[in-house]
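Enquirer: Before we start, here is the structure in question, set down as structure tokens.
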Amino acid sequence: MMRLADRTTRIASSPTMKVTATVDRLRRSGVDVIDFGAGEPDFSTPDLVKQAAHSALDNNFTRYTPVAGIADLKRAICDRYRADYGVEYKESEVIVTAGGKQALYNAALALFGPGDEVITHAPYWPTLTEQIKLADAKPVLARTYPEDGFAIRARTILDAVTPRTRGIIVNSPCNPTGALVSESELAAIADVAARQGIWIVVDLCYEKLIYDSAAHNLPRVLAEKCRDLAVLCGSASKAYAMTGWRCGWALGPAHVIAAAGAIQSHATSNVTSITQKAVVQALTGPQATVTAMLDEYRTRRDLLHEWLTEDPRLRCRKPAGAFYMFIDISDLLSGIDPGGFRTSLDFADALLEESRVAVTPGEAFDAPGFIRISYATSTENLREGSKRLLEFVAAHAPRAAAAS
Ligand SMILES: Cc1ncc(COP(=O)(O)O)c(C=O)c1O
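The opening position of the sequence shown corresponds to residue 164 in this note's numbering, with each subsequent residue numbered one higher.
Next up, the structure:
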């Protein structure tokens with residue numbers, strides 16, 4: 164077979180999407196699977212948003228639009244960030260993208276290249292490091308720790324800075340840990356970035372999903388410290404239950420956004436015209452649906468935590484944001500019984516095989532020994548899945564044996 168380009172050997176396809184594909188396959192063959200893998204809201208897109216899409220279609224708003232997005236959407240994004248964070252961005256400083264993923268990809272291609280090091284924190288959402296590699300740069304990892312609630316610390320990030328550091332990517336709230344970066348930690352990172360000329364890219368895709376009142380005005384911190392080095396990436400996917408519509412955005416200095424636009428113009432061009440009209444409605448319309456979904460996620464988070472912690476070997480904390488419980492199962496690994504699980508990957512495979520519960524193994528996030536449960540699913544599913552998980556653990560690792 165003819166050899167493929169080198170870059171294909173440096174990246175792997177999304178492990179989180181692999182879980183979704185397996186669940187799909189099992190379901191199609193009639194198997195009853197509880198899916199804790201999905202990284203997407205189980206809610207429907209709000210009605211007003213769908214209506215805006217219908218009227219876009221009815222009005223034949225179905226042609227190419229400017230690559231960087233229609234003016235009303237760019238304005239809506241700027242207005243949303245002004246209202247939510249008190250930061251000022253002009254239309255020339257925003258680009259509409261096919262999901263937060265493309266916003267981040269455009270940024271990686273526009274800012275990083277061969278020989279550059281780009282720091283991000285681990286455990287991480289795997290796309291972030293793969294995109295760095297696709298830009299021919301090198302990901303450098305700064306660890307976050309469960310005993311510290313996976314808090315993203317300036318010290319560990321800054322310890323990884325070298326003369327080759329070109330960028331720092333921060334994801335807050337973080338997938339998979341649910342942790343936030345505090346404003347003061349980000350400010351300390353931004354001070355160094357400003358002094359040394361390092362780009363800061365912030366992945367804010369879960370910005371609307373923060374449960375308790377936490378100071379999380381990251382755009383303002385960056386605007387004050389290093390506006391000309393900061394790129395903010397956001398998304399309609401999680402906040403407005405719009406994963407399939409594919410709409411995100413990036414805000415940043417005009418020349419960075421222009422470069423992102425040039426890249427996008429040769430890749431995908433504009434985001435679907437109908438989607439853009441729908442997202443104008445999502446951003447400018449009533450935000451009550453966002454709050455309602457957040458309240459529901461909070462209830463589920465609390466219930467799931469209560470159920471799972473019935474077995475102390477499923478070690479987890481309530482996440483501060485996003486919709487994932489990240490569980491340390493290392494007490495259940497290796498040496499439980501000769502045929503026991505050595506890795507969280509083995510554990511997740513067996514859980515799916517025997518108990519029909521799909522979770523994402525920590526290996527997907529560079530965090531072996533953990534599993535990630537998405538609670539973007541109904542309370543009934545959470546109850547049934549937790550029951551199956553607890554029974555599975557009890558069957559494979561009786562408590563007395565674990566204590567010995
Ligand atoms: C941390 C993080 N960032 C960005 C995204 C991108 O989502 P989308 O491209 O649907 O906006 C995701 C999706 O799972 C994510 O988990």
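Glycine residues also receive a C-beta, built at the ideal position from the N, C-alpha and C atoms.
Please list the segments of the beta strand (DSSP E) lying wholly inside the segment 286-345, counting only runs of 3 or more residues, in order along the chain.
Expert: Listed in chain order, the complete beta strand (DSSP E) runs (minimum 3 residues) inside the segment 286-345 are 301-306, 328-334.
Enquirer: Take A168 and list the residues in its own chain whose beta-carbon comes closer than 7 Å to its own, dropping the five residues that flank it on each side.
Expert: Against the sequence shown, residue 168 aligns to sequence position 5. Answer for A168: no residue qualifies.
Enquirer: Give the DSSP bridge partners of V419, in chain order.
Expert: Numbered from its first residue, the sequence shown carries residue 419 at position 256. None, per the DSSP bridge assignment.
Enquirer: When DSSP labels each residue in this structure, what does D195 get in the three-state scheme?
Expert: Start at 1 with the first residue of the sequence shown, and residue 195 comes out as number 32. Note: D195 maps to coil in three-state DSSP.
Enquirer: Should the segment 438-445 be regarded as contacting the segment 402-420, the criterion being three or more beta carbon pairs within less than 8 Å?
Expert: Touching, yes.
Enquirer: Looking at C-alpha atoms only, which residue of A455, L267, T542 is the closest neighbour of S398?
Expert: As a working mapping, residue 398 is identified with position 235 in the sequence shown. Among A455, L267, T542, the Cα nearest to that of S398 belongs to L267.
Enquirer: With H, G and I counted as helix, E and B as strand and the rest as coil, what does DSSP make of E477?
Expert: Locating residue 477 in the sequence shown gives position 314, where the first residue counts as 1. According to the sequence as given, residue 477 is Leu; it is not Glu. L477 falls in the coil class under three-state DSSP.
Enquirer: Among T540, L457, A219, A417, which has the Cα closest to the Cα of V257?
Expert: To locate residue 257, count along the sequence shown from 1; it is residue 94. Taking only the C-alpha atoms, the option nearest V257 is A417.
Enquirer: At what residues does the beta strand (DSSP E) containing L496 begin and finish?
Expert: For the purposes of this step, residue 496 is taken as the residue at position 333 of the sequence shown. No beta strand (DSSP E) contains L496, which DSSP labels as neither H nor E.
Enquirer: By the DSSP assignment, the alpha helix (DSSP H) with F555 in it spans what residues?
Expert: Sequence index remark: in the sequence shown, residue 555 carries index 392 (1-based). Residues 542-559.
Enquirer: What is the DSSP secondary structure of A566, reduced to helix, strand or coil?
Expert: Here residue 566 corresponds to residue number 403 of the sequence shown, with the count starting at 1. Interpretation of A566 is limited by its pLDDT of 47, a score under 50 that renders its predicted location unreliable; no figure is taken from the coordinates.
Enquirer: Could you say which of A413, P289, K301 lies nearest to T340 if we only look at CA atoms?
Expert: Here residue 340 refers to the residue found at position 177 when the sequence shown is read from its first residue. Checked all of A413, P289, K301; the closest Cα to T340 is P289.
Enquirer: Do T523 and V182 have their CB atoms nearer than 8 Å?
Expert: Counted from its first residue, the sequence shown places residue 523 at position 360. Counted from its first residue, the sequence shown places residue 182 at position 19. Yes, the pair counts as a contact, with Cβ atoms nearer than the cut-off.
Enquirer: What are the start and end residues of each continuous alpha helix (DSSP H) run of 4 or more residues lying completely inside the segment 370-420, in chain order?
Expert: 381-389, all fully within the segment 370-420.
Enquirer: Three or more C-beta pairs closer than 8 Å, one from the segment 233-245 and one from the segment 505-525: is that the case here?
Expert: These segments do not touch.
Enquirer: Whose C-alpha, out of L385, T260, D279, L304, is nearest the C-alpha of S347?
Expert: To locate residue 347, count along the sequence shown from 1; it is residue 184. Taking only the C-alpha atoms, the option nearest S347 is L385.
Enquirer: Short of 8 Å in beta carbon distance, which residues of its chain neighbour I174, apart from the five on each side in sequence? Order them along the chain.
Expert: Walking along the sequence shown from the start, residue 174 turns up at place 11. Excluding sequence neighbours, I174 sits near E293, K296, L297.
Enquirer: Quick one: what's got a C-beta closer than 8 Å to A565's C-beta in the same chain, skipping five residues either side?
Expert: Working through the sequence shown from its first residue, we reach residue 565 at position 402. Residue confidence for A565 is low, a pLDDT of 49 falling below 50, so the modelled location carries little weight; the figure read from the coordinates is stated next. If we look at A565 and ignore the five residues flanking it on each side, its Cβ neighbours are R476, D494, L495, I499.
Enquirer: Do the CB positions of A356 and I331 come within less than 8 Å of each other?
Expert: Here the question's residue 356 lines up with position 193 in the sequence shown. Here the question's residue 331 lines up with position 168 in the sequence shown. Contact: yes.
Enquirer: Nearest by alpha-carbon distance to P449: which of W470, G503, R243, L220 is it?
Expert: Within the sequence shown, residue 449 is the residue found at index 286, counting from 1. Nearest option by C-alpha distance: R243.
Enquirer: Alpha carbons only, please: which of C479, E526, M456, A231 is nearest the one belonging to S432?
Expert: If you number the sequence shown from 1, residue 432 lands on position 269. If we check each option's Cα against that of S432, A231 comes out closest.
Enquirer: Where does E280 sit, in a helix, a strand or coil, going by DSSP?
Expert: Stepping through the sequence shown from its first residue, residue 280 is reached at position 117. Three-state result, E280: strand.
Enquirer: If we count the other Cβ atoms within 10 Å of its Cβ and call it buried at 16 or more, is H284 buried or exposed?
Expert: Position 121 of the sequence shown, counting from 1, holds the residue named residue 284. Classification for H284: buried.
Enquirer: Using a strict less-than 6 Å threshold between each residue's beta carbon and the heavy atoms of ligand 1, what residues do you get?
Expert: Chain-ordered list of matching residues: G202, G262, G263, K264, W288, N334, N338, D366, C368, S398, S400, T406, G411.
Enquirer: With burial defined as no fewer than 16 other Cβ atoms inside 10 Å of the residue's Cβ, what is the status of L372: buried or exposed?
Expert: Here residue 372 corresponds to residue number 209 of the sequence shown, with the count starting at 1. The residue is buried, with at least 16 neighbouring Cβ atoms inside 10 Å.
Enquirer: Just to confirm my understanding: we take A445, look at its own chain, exclude 5 residues before and 5 after, and list those with CB closer than 6 Å. What are they?
Expert: In the sequence shown, residue 445 corresponds to position 282, counting from 1. These residues qualify, in order along the chain: V212, A399, Y403.
Enquirer: Quick test of the definition: if touching needs 3 or more C-beta pairs under 8 Å, does the segment 479-493 touch the segment 525-538?
Expert: Yes, since at least three Cβ pairs between the segment 479-493 and the segment 525-538 fall closer than 8 Å, the two stretches touch.
Enquirer: Going by C-alpha distance, which of C479, E554, A558 is nearest F313?
Expert: Counting from 1 along the sequence shown, the entry for residue 313 is found at position 150. Measuring from the Cα of F313, the nearest candidate turns out to be C479.
Enquirer: Mark G202 as exposed unless 16 or more other C-beta atoms lie within 10 angstroms of its C-beta, in which case mark it buried.
Expert: In the sequence shown, counting from the first residue as 1, residue 202 sits at position 39. Buried, by the Cβ-count rule.
Enquirer: Output needed for E189: all residues of its chain with C-beta closer than 6 Å, excluding positions within five of it in sequence on either side, in chain order.
Expert: Your numbering for residue 189 matches position 26 in the sequence shown. The sequence shown places Leu at residue 189, rather than the Glu named in the question. So the qualifying residues of the chain are V196.
Enquirer: In three-state terms, what does DSSP make of G484?
Expert: Start at 1 with the first residue of the sequence shown, and residue 484 comes out as number 321. Strand at G484.
Enquirer: Does the beta-carbon distance from E251 to T328 come in below 8 Å?
Expert: In the sequence shown, residue 251 corresponds to position 88, counting from 1. In the sequence shown, residue 328 corresponds to position 165, counting from 1. No.
Enquirer: Can you give the Cα-Cα distance for P302 and L220, rounded to whole angstroms?
Expert: Taking the sequence shown and counting its residues from 1, the one referred to as residue 302 is at position 139. Taking the sequence shown and counting its residues from 1, the one referred to as residue 220 is at position 57. Those two C-alpha atoms are separated by around 42 Å.
Enquirer: Could you check how far apart the C-beta atoms of D474 and Y287 are, in whole angstroms? I think they sit under 8 Å.
Expert: Here residue 474 is taken as the residue at index 311 of the sequence shown, counted from 1. Here residue 287 is taken as the residue at index 124 of the sequence shown, counted from 1. Wrong, their Cβ atoms sit about 27 Å apart, outside the cutoff.
Enquirer: Is it right to say Q214 is buried, meaning 16 or more other beta carbons lie within 10 angstroms of its own, or is it exposed?
Expert: Numbered from 1 along the sequence shown, position 51 holds the residue referred to as residue 214. The residue in question, Q214, is exposed, as its Cβ has fewer than 16 Cβ neighbours within 10 Å.
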